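Below: one structure, written as structure tokens.
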Amino acid sequence: MNLRDLAGGQAAGLVLAAGAGRRYGGPKAPVFLGQALRVLREGGCDPVLAVLGAGARQARATVDLAGVQVLDNPGWAEGMASSLRLGLTTAARLPGVSAVCVHLVDMPGVSATAVMRLLARADPGCLVRACYDGEAGHPVVLGRDHWAEIVSTVRGDRGARAYLRRHAAQVDLVECGDVAAGYDIDER
1 MNLRDLAGGQ AAGLVLAAGA GRRYGGPKAP VFLGQALRVL REGGCDPVLA
51 VLGAGARQAR ATVDLAGVQV LDNPGWAEGM ASSLRLGLTT AARLPGVSAV
101 CVHLVDMPGV SATAVMRLLA RADPGCLVRA CYDGEAGHPV VLGRDHWAEI
151 VSTVRGDRGA RAYLRRHAAQ VDLVECGDVA AGYDIDER
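Set out below in structure tokens:
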């Protein structure tokens with residue numbers, strides 16, 4: 001599935017991988033970033049962006065980043081919101097991109113099939129969220145129409161959670177539990 005033909009543009013993939021991984025015992029990017037990038041590419045995202053921070057040097061040394069737009073987040077310690085702001089602000093400058101599939105680096109159970117399922121509903125006005133057995137999770141696809149407000153309102157380590165809650169009536173939950181697992185890795 002090539003989502004370059006997405007109604008109104010194409011879908012970029014955005015991996016948030018800047019955190020220190022305190023509970024994990026170190027940055028997760030060097031361990032999980034390669035898998036996250038592969039899932040987004042195989043799922044139809046083009047281009048693919050990765051936000052790095054705490055483990056940037058290690059990730060660059062261990063992960064094949066060819067074809068990935070790497071964004072260094074000097075404010076990574078502020079929390080996930082700073083990475084999301086950086087990613088969406090960058091995506092807004094990319095011609096033809098109308099939606100971004102936001103994927104967290106520490107979710108190795110997400111599959112390319114799940115990403116394809118989400119992107120099938122993507123458009124500039126979309127808010128699409130994976131769910132697993134009815135429980136909302138990640139990845140999340142954010143249409144361009146929402147980026148400016150998300151960038152101006154997200155804070156701390158919650159990402160777009162509050163924004164999605166405020167716009168719950170617009171969120172399209174897509175069941176992915178049959179093709180992926182929505183767990184994250186917090187500890188070794």
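Mapping of the sequence shown onto the UniProt record's numbering: position 62 corresponds to residue 62, and the numbering continues sequentially without gaps.
Don't be surprised by glycine CBs; every beta carbon is placed ideally from N, CA and C.
Since the structure is predicted, the reported quantities are computational estimates derived from the model, not experimental observations.
Query: Chain-order list of residues whose beta-carbon lies under 6 Å from that of Ala181 (same chain, five-residue window excluded); Result: Gly109
Query: Which listed residue (Ala99, Val179 and Arg93) has its alpha carbon closest to that of Gln10; Result: Ala99
Query: Beta-carbon proximity of Ser111 to Val31, cut-off 8 Å; Result: no
Query: Check: Val110 C-beta below 7 Å from any heavy atom of the ligand SAH; Result: Judged by which ligands are present, the structure shown has none, so any question about the ligand SAH falls away.
Query: Helix, strand or coil at residue 189 [DSSP, three-state]; Result: With the chain covering only 1 through 188, there is no way to say anything about residue 189.
Query: Residue interval of the beta strand (DSSP E) (run including Leu49); Result: Val48 to Leu52
Query: For Arg51, the nearest candidate out of Gly43, Arg85 and Tyr24 (CA to CA); Result: The identity of residue 51 in the sequence shown is Val, whereas the question assumes Arg. When each option's Cα is compared against that of Val51, the closest is Arg85.
Query: Among Gly19, His167 and Arg158, the one whose alpha carbon lies nearest that of Ala77; Result: Gly19
Query: Same chain, Cβ closer than 6 Å to Gly79, neighbours up to 5 away in sequence not counted; Result: Gly156 and Asp157
Query: Leu104 versus Arg129 - alpha carbon distance; Result: 13 Å
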